[in-house]
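Novice: Before we start, here is the structure in question, set down as structure tokens.
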Amino acid sequence: LLEPLPDDCPLMDIERITQSVVKSHLETSQYSSDDLKRLTYNGMQYSPEETRNFQCESAESVWQQCAHHITNSIQYVVEFAKRITGFMDLCQNDQIILLKAGCLEVLLIRMCRAFNATTNTMFFDGKFASAQLFKALGCDDLVSAVFDLAKGLSRLQLTDEEMALFSAACLLSPDRPWLTDSQKVQKLQAKVYLALQHSLHMSGAADEKLDQMVSKLPMMKSICNLHIDKLEFFRLVHPETAYSFPPLYREVFGS
Amino acid sequence: KEKHKILHRLLQNSTSPVEL
């Protein structure tokens, strides 16, 4: 963290990137941190009866609802990416690849603010829901992995700036397959990581905080892969429902 | 382009935060 900044990335650049990414994050978050703190404080939870009713819904119906919510959130991630300095300078092929491969990772990072660690519940469709609410999905392993990740990330107490820079760094992963110019992506990601390190250093965060954030990456990747596996299986069993999912959801996760 | 026309369109659109 205390390494001098490389010559090709002066402090002014770092601060400019930080401002651009944080501004983009704040402009493109569905709920502000204050909104979520207020919602958590109000603590509206699904009653046992509401939970039972939701658990009795069909898998198709619950998949449909979740796909709708994820699709809505993806649009915010697209706008987040567009506002990151340098993203729109990438070729369109790489913009599409980074969004398809990384949008769910950004959502998983953002979701930790919607997680109530005291009650182990996640804000979903207006109230806080336990993992059991989603039983009808038939994806208990996926749902519990999402809740575990949210619990772990919420424990890190990321500031808006740290969350913005971390999610931008995840989105700008140069190791995504089929990238045309992975080196250009790598340079962009390196600057965002430097900005994150600088932000952590300036805020006096514990040295291991960055390591703890990076240690979540494998879990995020496995959740994204598990989501695709579950979607593939669901499509085999309910092809017509899968075909009726929102077009953007099918476009992002379809192939 | 055909396979990802929605993403292409979203990337081209200039959406203000208010519209978002």
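Chains A and B are the protein sequences, given in the same order.
If you read the first sequence in the working numbering, its first letter stands for residue 20, the second for the next number, and so on.
If you read the second sequence in the working numbering, its first letter stands for residue 66, the second for the next number, and so on.
Using N, Cα and C, we set each Cβ at its ideal position, and we do this for glycine too.
On a predicted model such as this, the values are computed, not experimentally measured, just so you know.
Mind listing, in chain order, the continuous alpha helix (DSSP H) runs of no fewer than 4 residues lying wholly within the stretch 205-246 of chain A?
Specialist: For the stretch 205-246 of chain A, whole alpha helix (DSSP H) runs of length 4 or above, ordered along the chain, are 227-233.
Novice: Please work out which residues of its chain come closer than 6 Å, Cβ to Cβ, to A/E180, disregarding the five sequence neighbours upstream and downstream, and give them in chain order.
Specialist: By one-based count along the first sequence, residue 180 of chain A stands at place 161. Taken in chain order, the residues that qualify are V41 and S218.
Novice: Buried or exposed: which applies to A/Y6, given that a residue is buried once 16 or more other Cβ atoms fall within 10 Å of its Cβ?
Specialist: Because residue 6 of chain A is not part of the residues shown, which for chain A are 20 to 274, the question remains open.
Novice: Run down chain B in chain order and give the residues with a C-beta less than 7 Å from the C-beta of A/K101.
Specialist: Along the first sequence, read from residue 1 onward, the residue named residue 101 of chain A stands at position 82. Correct list: L76.
Novice: Contact criterion: CB-CB distance below 8 Å. Does A/L156 meet it with respect to chain B?
Specialist: Reading the first sequence from its first residue, position 137 is the one you call residue 156 of chain A. No, because no Cβ of chain B sits closer than 8 Å to the Cβ of A/L156.
Novice: DSSP puts A/A148 in a beta bridge; with which residues?
Specialist: In the first sequence, residue 148 of chain A corresponds to position 129, counting from 1. Answer is A/M141, bridged to A/A148.
Novice: Interface residues of chain B around A/L267 at Cβ under 7 Å?
Specialist: Your numbering for residue 267 of chain A matches position 248 in the first sequence. Under the 7 Å cutoff, chain B gives I71.
Novice: Label A/C75 either buried or exposed according to how many other C-beta atoms from any shown protein chain fall within 10 Å of its C-beta, with 16 as the threshold for buried.
Specialist: Translated into the one-based positions of the first sequence, residue 75 of chain A becomes position 56. Exposed, by the Cβ-count rule.
Novice: Can you find a C-beta in chain B that's less than 8 Å from the C-beta of A/E259?
Specialist: Within the first sequence, residue 259 of chain A is the residue found at index 240, counting from 1. Chain B contact via Cβ: absent.
Novice: In whole angstroms, give me the CA-to-CA distance for A/R102 and A/L215.
Specialist: Walking along the first sequence from the start, residue 102 of chain A turns up at place 83. Walking along the first sequence from the start, residue 215 of chain A turns up at place 196. Their Cα atoms are separated by approximately 17 Å.
Novice: Given a cut-off of 8 Å, decide if A/K228 and A/L172 are closer than it, judged by their beta-carbon atoms.
Specialist: To locate residue 172 of chain A, count along the first sequence from 1; it is residue 153. To locate residue 228 of chain A, count along the first sequence from 1; it is residue 209. Result no, Cβ atoms of A/L172 and A/K228 do not sit closer than 8 Å.
Novice: Can you check whether the C-beta of A/L198 is within less than 8 Å of a C-beta belonging to chain B?
Specialist: Locating residue 198 of chain A in the first sequence gives position 179, counting from the first residue. False, the Cβ-Cβ gap to chain B never drops below 8 Å.
Novice: Give a yes or no on whether the C-beta atoms belonging to A/E270 and B/L72 are separated by under 8 Å.
Specialist: Your numbering for residue 270 of chain A matches position 251 in the first sequence. Your numbering for residue 72 of chain B matches position 7 in the second sequence. The answer is yes: Cβ separation under 8 Å.
Novice: According to the Cβ coordinates, are A/Q64 and A/F143 closer than 8 Å?
Specialist: Locating residue 64 of chain A in the first sequence gives position 45, counting from the first residue. Locating residue 143 of chain A in the first sequence gives position 124, counting from the first residue. No.
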